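Residue numbering for the sequence shown follows our numbering, starting at 1 and increasing by one per position.
Note that beta-carbon positions come from the ideal geometry of N, C-alpha and C, so glycine has one too.
The model shown is predicted, which means the values in this text are computed figures rather than measured ones.
See structure below.
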Amino acid sequence: MRVVILDSTEDIGAYGAGVILDGVRRGRIHTLGVATGSSPLAIYRALADQWIPALAQLKAFALDEYVGLPADDPRSYRSVIQQEVTDKLRLDPANVHVPNGCAADLDAECERYEAAMAEAGGVDLQLLGIGRNGHIGFNEPSSSLSSRTRPKTLMAATRRDNARFFPDPGDVPRHCLTQGLGTILDAAEVLLVAQGSAKAPAVRAALEGPLSSMCPASVLQLHRRATVVLDEEAAQHLALREYYLDTGRNPIEGMRA
Numbered sequence: 001m002r003v004v005i006l007d008s009t010e011d012i013g014a015y016g017a018g019v020i021l022d023g024v025r026r027g028r029i030h031t032l033g034v035a036t037g038s039s040p041l042a043i044y045r046a047l048a049d050q051w052i053p054a055l056a057q058l059k060a061f062a063l064d065e066y067v068g069l070p071a072d073d074p075r076s077y078r079s080v081i082q083q084e085v086t087d088k089l090r091l092d093p094a095n096v097h098v099p100n101g102c103a104a105d106l107d108a109e110c111e112r113y114e115a116a117m118a119e120a121g122g123v124d125l126q127l128l129g130i131g132r133n134g135h136i137g138f139n140e141p142s143s144s145l146s147s148r149t150r151p152k153t154l155m156a157a158t159r160r161d162n163a164r165f166f167p168d169p170g171d172v173p174r175h176c177l178t179q180g181l182g183t184i185l186d187a188a189e190v191l192l193v194a195q196g197s198a199k200a201p202a203v204r205a206a207l208e209g210p211l212s213s214m215c216p217a218s219v220l221q222l223h224r225r226a227t228v229v230l231d232e233e234a235a236q237h238l239a240l241r242e243y244y245l246d247t248g249r250n251p252i253e254g255m256r257a
């Protein structure tokens with residue numbers, strides 16, 4: 001993995017937007033995997049500020065969705081993506097795909113979603129955040145490293161972390177649909193963003209710990225083109241922090257790392 005440590009959220013947003021814009025201009029990125037949560041927001045805002053017409057041609061696939069929330073519920077990930085991605089990047093809503101968490105047959109919906117990604121030619125760049133327990137998407141600890149899009153039960157810790165978006169913590173859904181770890185590994189390129197000291201232990205486990213289902217993000221150690229962009233607080237526990245800082249300043253050495 002290439003690891004880049006930057007000073008601020010604004011720097012992270014500019015860096016991530018630069019990667020995406022470069023890929024779009026070069027014709028390498030046609031399909032973008034989009035994540036929710038606070039981590040990628042700065043990237044979406046920087047993309048909106050630097051908008052080019054080619055961005056409007058992108059197809060987008062969401063990582064996950066709650067089970068049981070209607071698409072028009074403002075807390076659903078479809079609504080969040082509509083606001084933060086579709087509208088800001090001026091995407092065609094028909095090209096923005098989110099799993100249907102209200103489908104009558106959730107397993108069939110997951111199979112349909114996998115097929116839709118395959119029909120689009122796969123995801124060219126997948127944006128990711130990381131949970132404090134090491135989850136990516138909603139792949140909680142103990143998830144199969146080869147898993148595909150499927151229903152999952154959310155852990156209590158994840159529901160507590162997401163309770164800030166709900167007036168009553170008891171309203172946080174207990175289940176979700178999520179791309180699997182194997183699905184995420186299929187993306188041609190992965191860009192994981194993490195900010196803040198609360199993410200530091202998970203970041204170290206993912207980058208420098210053993211490959212383990214107990215830290216789902218560690219599966220990115222297997223990806224041939226993964227970049228991790230951190231602020232100083234999220235990077236504070238990394239044993240190789242100084243090395244990452246050195247290689248991060250040199251794109252060639254950073255890619256070799």
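Open item on the list: Taking 6 Å as the limit between beta carbons, can you name the residues of its chain near Val96, skipping five residues before and five after?
Closed with: Cβ neighbours of Val96 beyond the five flanking positions: Ala60 and Thr86.
Task: Every unbroken beta strand (DSSP E) within the stretch 189–232, with a cutoff of 3 residues, ordered by chain - done: Taking only runs of at least 3 residues, the beta strand (DSSP E) segments lying wholly in the stretch 189–232 are 190–194 and 226–231.
Task: Environment of Gly134 [buried if 16+ CB atoms lie within 10 Å] - done: Buried is the call here.
- [ ] Enumerate, from N- to C-terminal direction, the unbroken beta strand (DSSP E) stretches of 3 or more residues contained entirely within the stretch 148–191.
- [x] Counting whole runs of 3 or more residues, the stretch 148–191 contains the beta strand (DSSP E) stretches 150–153 and 175–178.
Open item on the list: Once the 5 residues before and after Gly137 are set aside, which same chain residues still bring their CB inside 7 Å of it?
Closed with: Once the five neighbours on either side are set aside, the close Cβ partners of Gly137 are Leu63, Asp64, Thr178, Gln179 and Ile184.
Open item on the list: Using only CA atoms, which one of Asp92, Gly101, Thr227 and Ala226 lies nearest to Arg174?
Closed with: Taking only the C-alpha atoms, the option nearest Arg174 is Gly101.
- [ ] Keeping to the same chain, check which residues put their C-beta closer than 7 Å to that of Ala239; ignore five residues upstream and five downstream.
- [x] In its chain, beyond the 5 residues on either side, Glu208 have a beta carbon closer than 7 Å to the beta carbon of Ala239.
Open item on the list: I'd like to know whether the C-beta atoms of Ala35 and Gly129 end up nearer to each other than 8 Å.
Closed with: If you check the CB distance, Ala35 and Gly129 come in under 8 Å.
TODO: May I ask which residues mark the beginning and end of the alpha helix (DSSP H) holding Arg2?
DONE: Per DSSP, Arg2 belongs to no alpha helix (DSSP H); it is in the beta strand (DSSP E), Arg2 to Leu6.
TODO: May I have the straight-line CA-CA distance separating Glu232 from His223, to the nearest angstrom?
DONE: Approximately 24 Å, taken between the alpha carbons.
Open item on the list: For Leu230, tell me which candidate among Tyr77, Asp171 and Pro201 has the shortest Cα-Cα distance.
Closed with: Its Cα nearest to that of Leu230, the residue Pro201 stands out among Tyr77, Asp171 and Pro201.
Open item on the list: Once DSSP output is grouped into helix, strand and coil, what is the label at Asp64?
Closed with: In this structure, Asp64 counts as strand in the three-state DSSP scheme.
Task: Neighbourhood of Ile81 by C-beta distance below 7 Å, restricted to the same chain and skipping five residues each side - done: Taken in chain order, the residues that qualify are Val34, Thr36, Ala62, Val96 and Val98.
- [ ] Give every residue of the same chain whose Cβ lies closer than 8 Å to the Cβ of Gly23, excluding the five residues on either side of it in the sequence, and list them in chain order.
- [x] Only Ile29, Asp124, Leu125 and Glu189 meet the Cβ criterion.
Task: From Ala54, Leu55 and Arg150, residue whose alpha carbon lies closest to that of Ala108 - done: Cα-wise, what sits closest to Ala108 is Arg150.
Task: Top-ranked residue by Cα proximity to Glu140, from Arg148, Lys152 and Leu91 - done: A check of alpha carbon separations from Glu140 across Arg148, Lys152 and Leu91 identifies Lys152 as the nearest.
Task: Inter-residue spacing [alpha-carbon to alpha-carbon] between Ala187 and Gly122 - done: Cα to Cα, the separation comes out at about 7 Å.
TODO: Report yes if the C-beta distance between Leu47 and Ile12 is below 8 Å; otherwise report no.
DONE: Remark: C-beta atoms of Leu47 and Ile12 do not approach each other more closely than 8 Å.
Open item on the list: Measuring only the C-alpha atoms, how far is Ser76 from Leu32?
Closed with: Note on geometry: alpha-carbon atoms of Ser76 and Leu32 lie some 19 Å from one another.
Task: Length of the line joining the Cα atoms of Asp72 and Gln83 - done: Rounded to whole angstroms, the separation of the alpha carbons of Gln83 and Asp72 is 11 Å.
Open item on the list: Within the continuous alpha helix (DSSP H) that includes Thr9, where are the two ends?
Closed with: Secondary structure note for Thr9: its alpha helix (DSSP H) is the uninterrupted segment Thr9 to Arg25.
Task: Leu128 (DSSP reduced to helix, strand or coil) - done: Strand, per DSSP.
Open item on the list: On a Cα-Cα basis, can you pick out the residue from Gly18, Ser8 and Glu10 that is closest to Thr227?
Closed with: Out of Gly18, Ser8 and Glu10, Gly18 has the C-alpha closest to the C-alpha of Thr227.
- [ ] Return the chain-ordered list of same chain residues with a C-beta closer than 7 Å to the C-beta of Gly147, the five sequence neighbours on each side being excluded.
- [x] The residue asked about is misnamed: residue 147 is Ser in this sequence, not Gly. If you ignore the 5 residues before and after Ser147, its C-beta comes within less than 7 Å of the C-beta of Asn139, Gly180, Leu181 and Gly182, all in its own chain and listed in chain order.
TODO: Name the two residues that bound the continuous beta strand (DSSP E) containing Leu89.
DONE: In the DSSP annotation of this structure, Leu89 is not part of any beta strand (DSSP E), being labelled neither H nor E.
Open item on the list: Among the candidates Leu192, Asp161, Leu6 and Ala234, whose CA atom is the shortest distance from the CA of Arg225?
Closed with: The shortest CA-to-CA distance from Arg225 to any of Leu192, Asp161, Leu6 and Ala234 is the one to Leu192.
Open item on the list: Is it buried or exposed, Gln57, if we count other Cβ atoms within 10 angstroms and call 16 or more buried?
Closed with: Gln57 comes out exposed.
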